[in-house]
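Asks: Numbering (the numbering used here), first residue to last: 115 to 254.
#1: In this structure, does DSSP put residue 175 in helix, strand or coil?
#2: Got a sec? Which residues, its chain only, sit under 7 angstroms from residue 193 by beta carbon, not counting five neighbours each side?
#3: Quick check on this structure: which residue in 135, 185, 178, 175 has the alpha carbon closest to the alpha carbon of residue 143?
#4: How long is the line joining the alpha carbons of residue 248 and residue 208, rounded to whole angstroms?
#5: So is residue 206 buried or exposed if we call it buried at 16+ other beta carbons inside 10 Å?
#6: Does the pairing of the stretch 164–178 with the stretch 197–206 give three or more beta-carbon distances under 8 angstroms?
#7: Determine the closest residue to residue 212 out of 244, 239, 187, 137, with distance taken between C-alpha atoms.
#8: Leaving out five residues before and five after residue 173 in sequence, what residues of the same chain have Cβ atoms less than 7 angstroms from its Cβ?
#9: How about residue 223 and residue 183: are their beta carbons less than 7 angstroms apart?
#10: Locate the alpha helix (DSSP H) running through residue 164, then write down its first and last residues.
#11: Quick one: residues in its chain with C-beta nearer than 6 angstroms to the C-beta of residue 241, no 5 flanking neighbours on either side, listed in chain order?
#12: Which complete alpha helix (DSSP H) runs does the stretch 166–248 hold, if anything under 4 residues is left out?
#13: Suppose you measure from the CA of residue 150 to the CA of residue 138; what does that come to, to the nearest Å?
#14: Should residue 191 and residue 217 be called a contact, given that it needs their Cβ atoms to be closer than 7 angstroms?
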């Protein structure tokens, strides 16, 4: 009984702590492009994107949120470039396709954030989340 309670508690702790560990450090765009670990690259993406995915569907964003959306667009442009150029070798072609699609979406998000277009930002975030999900389903 006690071991079952401990296992349940540990499971709840993991569920509330998030599935992906934080990156080892805060990386600049140039550092992101040079990362040697795909796992670390995914951690960078998750840390940047997951909080904003939670804001999908908002009818409006604050100036601070638009700034975060711009930063996300820039960060995902860098991570998707690294995925396509450095990590797609020895993987099925669809891996590179997903990486390139995420890069296109990063550009769309950057434009939507700069234009302060909440509807476009939300639609783009939805597409990005779907790109991530389908890539993970196929390649994890």
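C-beta: ideal position from N, C-alpha, C; glycine also.
Nothing here was measured: the structure is a model prediction, and the numbers come from that model.
Replies: Let's see:
#1: Within the chain shown, the letter at position 61 stands for residue 175. Three-state result, residue 175: coil.
#2: On the chain shown, position 79 is the one that residue 193 refers to. These residues qualify, in order along the chain: 146, 155, 158, 159.
#3: The residue you call residue 143 lines up with position 29 of the chain shown. The residue with the shortest Cα to Cα distance from residue 143 is 185.
#4: The residue given as residue 248 occupies position 134 in the chain shown. The residue given as residue 208 occupies position 94 in the chain shown. Their Cα atoms are separated by approximately 10 angstroms.
#5: Taking the first residue of the chain shown as 1, we reach residue 206 at position 92. Its Cβ having fewer than 16 others within 10 Å, residue 206 is exposed.
#6: no
#7: Indexing the chain shown from 1 puts residue 212 at position 98. Ranking the options by Cα distance to residue 212, first place goes to 244.
#8: Here residue 173 refers to the residue found at position 59 when the chain shown is read from its first residue. The answer, listed in chain order, is 232.
#9: In the chain shown, the residue the question calls residue 223 occupies position 109. In the chain shown, the residue the question calls residue 183 occupies position 69. Taking 7 angstroms as the Cβ cut-off, residue 223 and residue 183 qualify as a contacting pair.
#10: As a first step, residue 164 is located in the chain shown; it is residue number 50 there, counting from the start. From DSSP, the alpha helix (DSSP H) with residue 164 extends over 152–167.
#11: Walking along the chain shown from the start, residue 241 turns up at place 127. Same-chain partners within the cutoff: 219.
#12: 177–200, 207–229
#13: Counted from its first residue, the chain shown places residue 150 at position 36. Counted from its first residue, the chain shown places residue 138 at position 24. Taking the straight line joining both Cα atoms gives about 13 angstroms.
#14: For the purposes of this step, residue 191 is identified with residue 77 of the chain shown, where counting begins at 1. For the purposes of this step, residue 217 is identified with residue 103 of the chain shown, where counting begins at 1. In this structure, residue 217 lies closer than 7 angstroms to residue 191 by Cβ.
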